[in-house]
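Residue numbers (numbering that gives the first Met the number 0), protein chains in the order written: chain A, 0 to 430; chain B, 0 to 260.
Beta carbons are placed, not taken as given, at the ideal position from N, Cα and C, and that holds for glycine.
Here the structure is a predicted model, which means the values were calculated and not measured.
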Amino acid sequence: MTGRTKTIHVDTLARVEGEGSLYIKLEGERVADVKLKIYEPPRMFEAFMRGRHFSEAADITARICGICPIAYQMSAIHAIERALGIRIDPAVRLLRRLFYCGEWIESHTLHVYMLHAPDFLGYADVIAMARDHREVVEKALRLKKIGNRIVQLLGGREIHPISAAVGGFHRVPTKQQVRELVPDLEWALQASLDSVQWTSTLEFPNFEQDYEFVALKHPGEYPFNEGRLVSSGGLDIDAAEYEDHFQELHVKHSNALHSVIRGRGSYLVGPMARFNLNFDKLPAVAQEAAAKAGLRAPVKNPFRSIVVRAVELVFACAEALRVIKEYAPPPAPRVDAPHRAGSGQAITEAPRGILYHRYSLDDNGLILSAKIIPPTSQNQRRIEDDLREYAAQVAAWPLDEATWKCEQAIRNYDPCISCATHFLKLHVDRI
Amino acid sequence: MSSEKKKPRIAVFKFASCDGCQLSLLDAEDELLAVVGAVEIAYFPEASRTMLKGPYDVGLVEGSIITHTDAERIQQIRRQCKTLITIGACATAGGIQALRNWKDVDEFIRVVYATPQYVSTLKLSTPIAEHVPVDFELRGCPINKLQLVELISATLAGRKPNIPTYSVCMECKRKANVCIAVAHGIACLGPVTQAGCGALCPSYDRGCYGCYGPMETPNTGSLTEQFRILGQSNDQIQRAFRGFNAWAWQFRQASEECQRK
Numbered sequence: 000m001t002g003r004t005k006t007i008h009v010d011t012l013a014r015v016e017g018e019g020s021l022y023i024k025l026e027g028e029r030v031a032d033v034k035l036k037i038y039e040p041p042r043m044f045e046a047f048m049r050g051r052h053f054s055e056a057a058d059i060t061a062r063i064c065g066i067c068p069i070a071y072q073m074s075a076i077h078a079i080e081r082a083l084g085i086r087i088d089p090a091v092r093l094l095r096r097l098f099y100c101g102e103w104i105e106s107h108t109l110h111v112y113m114l115h116a117p118d119f120l121g122y123a124d125v126i127a128m129a130r131d132h133r134e135v136v137e138k139a140l141r142l143k144k145i146g147n148r149i150v151q152l153l154g155g156r157e158i159h160p161i162s163a164a165v166g167g168f169h170r171v172p173t174k175q176q177v178r179e180l181v182p183d184l185e186w187a188l189q190a191s192l193d194s195v196q197w198t199s200t201l202e203f204p205n206f207e208q209d210y211e212f213v214a215l216k217h218p219g220e221y222p223f224n225e226g227r228l229v230s231s232g233g234l235d236i237d238a239a240e241y242e243d244h245f246q247e248l249h250v251k252h253s254n255a256l257h258s259v260i261r262g263r264g265s266y267l268v269g270p271m272a273r274f275n276l277n278f279d280k281l282p283a284v285a286q287e288a289a290a291k292a293g294l295r296a297p298v299k300n301p302f303r304s305i306v307v308r309a310v311e312l313v314f315a316c317a318e319a320l321r322v323i324k325e326y327a328p329p330p331a332p333r334v335d336a337p338h339r340a341g342s343g344q345a346i347t348e349a350p351r352g353i354l355y356h357r358y359s360l361d362d363n364g365l366i367l368s369a370k371i372i373p374p375t376s377q378n379q380r381r382i383e384d385d386l387r388e389y390a391a392q393v394a395a396w397p398l399d400e401a402t403w404k405c406e407q408a409i410r411n412y413d414p415c416i417s418c419a420t421h422f423l424k425l426h427v428d429r430i
Numbered sequence: 000m001s002s003e004k005k006k007p008r009i010a011v012f013k014f015a016s017c018d019g020c021q022l023s024l025l026d027a028e029d030e031l032l033a034v035v036g037a038v039e040i041a042y043f044p045e046a047s048r049t050m051l052k053g054p055y056d057v058g059l060v061e062g063s064i065i066t067h068t069d070a071e072r073i074q075q076i077r078r079q080c081k082t083l084i085t086i087g088a089c090a091t092a093g094g095i096q097a098l099r100n101w102k103d104v105d106e107f108i109r110v111v112y113a114t115p116q117y118v119s120t121l122k123l124s125t126p127i128a129e130h131v132p133v134d135f136e137l138r139g140c141p142i143n144k145l146q147l148v149e150l151i152s153a154t155l156a157g158r159k160p161n162i163p164t165y166s167v168c169m170e171c172k173r174k175a176n177v178c179i180a181v182a183h184g185i186a187c188l189g190p191v192t193q194a195g196c197g198a199l200c201p202s203y204d205r206g207c208y209g210c211y212g213p214m215e216t217p218n219t220g221s222l223t224e225q226f227r228i229l230g231q232s233n234d235q236i237q238r239a240f241r242g243f244n245a246w247a248w249q250f251r252q253a254s255e256e257c258q259r260k
């Protein structure tokens, strides 16, 4: 023992979705090793999707993640629609945006208030936080519930909704039904504005990194289901070209595959990437809230992602209200899906970042092969890169404080480990 | 205060799963603060950094067993929990990942992972009750959050939970849904599937796909015949039974029957 080597070790990472651990080895102030271990057992969706009918893909892939099932449904459905050459009704397109607004509101509220905020305020969890900040937590629960209410209306239930289908929905709501969401959403818009203000008053460590941000970009709107994949490093591609530019690596310490941009390395997906690459597409109300909170694109401090998430809450509420105003039910809930051999790729913006799906289908509509690349496996290497820099900053701190801060640095990414396994455990080794 | 000390200790454990069932607890927005006020959340990593050691009064277990480590971990957990409750299709029936049970797992690993030797997993995905005695199984993919709140309340009060084991058909009748199988010839697993979802799919004009697993006395043979009359092929019928509760024995038997034909 040198007496100068320390390890930060977190066996079970808390307030993340799924199972992972962290291991950091410090030699004095130098970070010798960082491993974000994902021991969540592998469920191997891509393998058992083979031989299933394309109509089952949305239901099956939703089960990859209970937090963002809609993202899985949307990526699966859009990829299959591309394979089959299906054009959806404009009203269905609107409804899918509304559906995604619901998931963003529910998922972002969960992360901002219940998983991430306790770190900033020094609480072990939201339950302890509620003892001192009851009003904040009650408001958050109501906001989350409103997101869930949208999902429930369009999808039947919050977790693993049942209505989204290739070509449209099994059943679409009436104009009256979506209009009934308006009073709740008006309240939610105000609560989201308050969330931007509230999160901006938290304390942020001085920590900025040079990231390559990757997100969808659409000419007319803040992205959900459509657009080209762009990056701050000059990438500008169609979803069909994704695998030419990105590569998945299998590392020994993780059941989640690491993604890299070929020839360049790690990159960042999620709210910060979307905000930085699409700021001009945010509605005025969200842009103004961001400006008031002192948030200017490009945001490079990952701890500030909590404020960016709150800005996206404002967007999601405003967008939901816009969609509701425009919506009139389509002539049919869905268009017919023909059986036709082919393959299709799609990328949509899950709350945590881009989610890529590719399917090859035979002429009976059966899946020949499937590929799914979730946002957390794309961020995984970037999280390790952050930790390598950040752990050095906190190396001299008492072990328990350093450990907590490193956990917080991971939670900046709202990691979803259940998704990534096809995916996480924290050990910090201090030597 | 001494009443504080007597609060029952609850723990939430996760195995192979999507996290959706434990999220149901956080999704019970109206009940959450009341529930956490009545109990001590001693171990719930998805929600808290505080991870207290057992023993626990009630353990909620999500997920199925698919690794050697997890097969050992569930034994330790059982020893620490006075009452052990499994929640969701993964924990009660092996989940969608039980589709591996009919395939060669090594081949599956090769499909997903570049370096198969890094991956350690069991050949079968199995429910918790195949490993340890379980006090109550709460069905569903995902579970119904109101049933979860009812189950926790009943367990704490020491009474039997009010959780029906009849079929989805009962829920359709209660909602006055027109039967989609009879009226529109849509293949529907409702007659053999346990209630709990509120007959969601039929209410959205699609057939039930079996999220809550087999009802208490399912006549899968008769439903298989009915599916054939509706023009479903053996492959289609087999896929219908091989969903999120594929490894529940009644559904397993039904799907294997199709394979033999």
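Give the secondary structure of residue i by DSSP, where H, G and I count as helix, E and B as strand, and everything else as coil.
i      : result
A/S359 : strand
A/T198 : helix
A/Q379 : helix
B/F107 : helix
B/A15  : strand
A/D209 : coil
A/C432 : Absent from the structure is residue 432 of chain A, since the part of chain A shown begins at 0 and ends at 430.
A/T1   : Its pLDDT being 48, under 50, A/T1 is placed unreliably by the model, and the measurement read from it follows with that caveat. Of the three classes helix, strand and coil, the one that applies to A/T1 here is coil, per DSSP.
B/A34  : It should be pointed out that residue 34 of chain B corresponds to Val in this sequence rather than to Ala. In the structure shown, B/V34 sits in a helix (DSSP, three-state: H, G or I).
B/L222 : helix
B/H183 : helix
A/P373 : coil
Using a Cβ cut-off of 7 Å, pull out every chain B residue sitting near residue i, in sequence order please.
i      : result
A/A46  : F107, V110 and V111
A/R351 : Chain B residues near A/R351: none, gap ~13 Å exceeds 7 Å.
In the DSSP output, which residue or residues are listed as bridge partners for residue i?
i      : result
A/R29  : A/E26
A/Q344 : A/R357
B/T125 : B/I64
B/W8   : For the record, residue 8 of chain B in the displayed sequence is Arg; it is not Trp. Answer is B/E39.
A/P350 : Answer by DSSP bridge pairing: none, since A/P350 is not bridged.
B/T82  : B/V57
A/V229 : A/A214 and A/D235
A/R333 : A/G167
A/V259 : A/Q246
A/L267 : A/F212
B/Q193 : B/S166
How would you list, in chain order, the residues of chain A whose beta-carbon sits under 8 Å from the beta-carbon of residue i?
i      : result
B/F243 : R62
B/M50  : T11 and A13
B/R138 : None at all; the shortest Cβ gap to chain A is about 14 Å.
Could you name the residues of chain A that residue i contacts, counting a contact when the two beta carbons are closer than 7 Å?
i     : result
B/A15 : P40 and R42
B/L98 : F47
B/T66 : P40
Return yes when at least one heavy atom of the ligand FAD lies under 6 Å from the C-beta of residue i, else no.
i      : result
B/V177 : The ligand content of the structure shown is nil, which means the ligand FAD is not present either.
Apply the 10 Å Cβ neighbour rule to residue i and answer buried if 16 or more other Cβ atoms are within range, or exposed otherwise.
i      : result
A/N254 : buried
B/E71  : exposed
A/L367 : exposed
A/N411 : buried
B/S232 : exposed
A/W396 : exposed
A/N205 : exposed
B/A182 : exposed
A/K291 : exposed
B/F243 : buried
B/S221 : exposed
A/R178 : exposed
A/Q175 : exposed
A/N224 : buried
A/T60  : buried
Rounded C-beta distance between residue i and residue j? I'm assuming under 8 Å.
i      : j      : result
A/L215 : A/I353 : 7 Å
A/P270 : A/F168 : Not a contact, Cβ separation roughly 27 Å.
B/A128 : B/T68  : 19 Å between Cβ atoms; not a contact.
A/Y210 : A/K280 : 20 Å between Cβ atoms; not a contact.
A/I76  : A/V165 : 5 Å
By the criterion of Cβ-Cβ separation under 9 Å, what are the contact partners of residue i in chain B?
i      : result
A/H169 : C200, Y203, D204 and R205
Can you pull the chain B residues whose beta carbon is under 8 Å from the beta carbon of residue i, in chain order?
i      : result
A/R156 : P141, C196 and L199
I'd like to know whether the C-beta of residue i is nearer than 7 Å to at least one C-beta of chain C.
i      : result
A/H107 : No chain C appears in the structure shown, which is made up of the protein chains A and B.
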